[in-house]
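Asks: Converting from the sequence shown to our numbering requires adding 10 to each position, the first position being numbered 1. We treat Cβ as the ideally placed atom computed from N, Cα and C, and that holds for glycine. Computed from a predicted model, the values in this text were never measured in an experiment. Following this message is one structure expressed as structure tokens.
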Amino acid sequence: MLMQLVEKQRLIGFAEALRSRLNYFDELENASTSFYSQTMNIGNEQFLPLLKRLDDCILYVENNPLYAESAVYLVKFRQLQSRALGMIRSHVLSTLKAASSQVQAAIQGSGSGKNAVTEGVEASLIYVRFKAAAGELKPVFNEIESRSSKKEYAQVLSECHSLFCEQRLYLIRGMVQQRISEFAKKEALPSFTRSGCAYLMEVTTYLANYSI
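What follows is the structure, encoded as structure tokens:
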């Protein structure tokens, strides 16, 4: 009787261990359904936890290449990861473009266009408002940065930073050119050089202070 009980416990332990291993493979169907769902997006509270679970599954399958069909599962898991990271890129781009549009609309509403915007209003609109509008990206950026040791995430992080810089440049380029032109018209070369450098340092300070 005692031996039967011991054997039963051993089989139960074996079954539980097997179940825990199979859970990683079973996750493929759940992840596929979720990431291909019409309602799944970056704003969904399940998105980042699902992405983490997907990373865990990839790591497990990579570390157990001798399991049956592990190579097939790895390919499918990576396809889902690629889709998820593509969703992140698209979300970052659309959010930054929307933020830029909000700032441009505010600039137009503050006067008769860019040429009428004072430096104080410029700072408020281009830096503060852009950061506020794009602030929802911070959790996503933090999540990507925490995984940037993996090449897939490092690449996405680099692309997202490039998108961020492109939109900031789009907003400030015209304003900076305008200010520098004003200095050039009003001041002699030595004074123009000092004023231009001081203004550019001010711009870079704002950019550093109002990054995501």
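1. I need the DSSP call for K18, collapsed to helix, strand or coil.
2. So the candidates are V102, I182, R93 and Q112; which of them puts its Cα closest to the Cα of E212?
3. Let me know the secondary structure DSSP gives R99 once reduced to three states.
4. Select from F193, R178 and R204 the residue whose C-alpha is nearest the C-alpha of Y216.
5. Looking only at its own chain, which residues have a Cβ that is under 6 Å from the Cβ of M50, when we skip the five neighbours before and after it?
6. By DSSP, does T43 sit in helix, in strand, or in coil?
7. Under the rule that 16 or more other beta-carbon atoms within 10 Å means buried, what is T105, buried or exposed?
8. Note down the Cα distance separating L210 from A164, rounded to an integer number of angstroms.
9. Identify which residue in I52, L95 and K195 has its Cα closest to the Cα of S157.
10. Skipping 5 residues on each side, what residues in its chain have a beta carbon closer than 7 Å to that of E146?
11. Secondary structure at N53, three-state DSSP: helix, strand or coil?
12. In whole angstroms, give me the CA-to-CA distance for R204 and I136.
13. Can you tell me whether Y46 is buried or exposed? The criterion is at least 16 other CB atoms within 10 Å of its CB, across all chains shown.
14. Starting from the N-terminal side, write out each stretch of the beta strand (DSSP E) that is 3 residues or longer and does not extend beyond the stretch 56 to 114.
15. So the candidates are A208, S172, L173 and L199; which of them puts its Cα closest to the Cα of V186?
16. Taking its Cβ as the centre, do 16 or more other Cβ atoms sit within 10 Å of E39, making it buried, or is it exposed?
17. With a threshold of 16 other CB atoms inside 10 Å of the CB of T214, please say whether the residue is buried or exposed.
18. Using CA atoms only, rank isn't needed, just tell me which of I68, E55 and Y34 is closest to E162.
19. Mapping the DSSP letters down to three states, classify S195 as helix, strand or coil.
20. When DSSP labels each residue in this structure, what does S159 get in the three-state scheme?
21. I need the straight-line Cα distance from K62 to S92, nearest angstrom please.
Replies: The short version:
1. On the sequence shown, residue 18 is found 8 positions in, with the first residue counted as 1. Confidence at K18 is low in this model, with a pLDDT of 48, below 50, so the placement of that residue is unreliable and no value is reported for it.
2. The residue labelled residue 212 in the question sits at position 202 within the sequence shown. Measuring from the Cα of E212, the nearest candidate turns out to be I182.
3. To locate residue 99, count along the sequence shown from 1; it is residue 89. If DSSP states are grouped into helix, strand and coil, R99 belongs with the helices.
4. Numbered from its first residue, the sequence shown carries residue 216 at position 206. The option with the nearest alpha carbon to Y216 is R178.
5. For the purposes of this step, residue 50 is identified with residue 40 of the sequence shown, where counting begins at 1. For M50, where only same-chain residues beyond five positions count, the Cβ hits under 6 Å are S44.
6. Here residue 43 refers to the residue found at position 33 of the sequence shown. Of the three classes helix, strand and coil, the one that applies to T43 here is helix, per DSSP.
7. Locating residue 105 in the sequence shown gives position 95, where the first residue counts as 1. Flag for T105 reads buried.
8. Taking the sequence shown and counting its residues from 1, one reaches residue 210 at position 200. Taking the sequence shown and counting its residues from 1, one reaches residue 164 at position 154. Looking at the two C-alpha atoms, the distance is approximately 30 Å.
9. As a position in the sequence shown, residue 157 is number 147, starting the count at 1. Note on identity: in this sequence residue 157 is Arg, with Ser being the wrong assignment. Residue L95 is the option with its Cα nearest to R157.
10. Numbered from 1 along the sequence shown, position 136 holds the residue referred to as residue 146. Cβ within range, chain order: T105.
11. Within the sequence shown, residue 53 is the residue found at index 43, counting from 1. Checking the sequence, you will find Gly at residue 53 rather than Asn. Residue state, collapsed to three classes: coil.
12. In the sequence shown, the residue the question calls residue 204 occupies position 194. In the sequence shown, the residue the question calls residue 136 occupies position 126. In a straight line, the C-alpha of R204 is about 23 Å away from that of I136.
13. Taking the first residue of the sequence shown as position 1, residue 46 is located at position 36. Y46 comes out exposed.
14. none
15. To locate residue 186, count along the sequence shown from 1; it is residue 176. Ranking the options by Cα distance to V186, first place goes to A208.
16. Within the sequence shown, the letter at position 29 stands for residue 39. It is exposed - the Cβ of E39 has fewer than 16 other Cβ atoms within 10 Å.
17. Indexing the sequence shown from 1 puts residue 214 at position 204. By the 10 Å Cβ count, T214 comes out exposed.
18. Counting from one through the sequence shown, the residue named residue 162 turns up at place 152. Selected option, being the one with the closest Cα: I68.
19. By 1-based counting over the sequence shown, the position of residue 195 is 185. First, the amino acid is wrong: residue 195 is Lys here, not Ser. Helix.
20. As a first step, residue 159 is located in the sequence shown; it is residue number 149 there, counting from the start. It is coil, neither helix nor strand.
21. Counting from 1 along the sequence shown, the entry for residue 62 is found at position 52. Counting from 1 along the sequence shown, the entry for residue 92 is found at position 82. Distance between the alpha carbons of K62 and S92: 13 Å.
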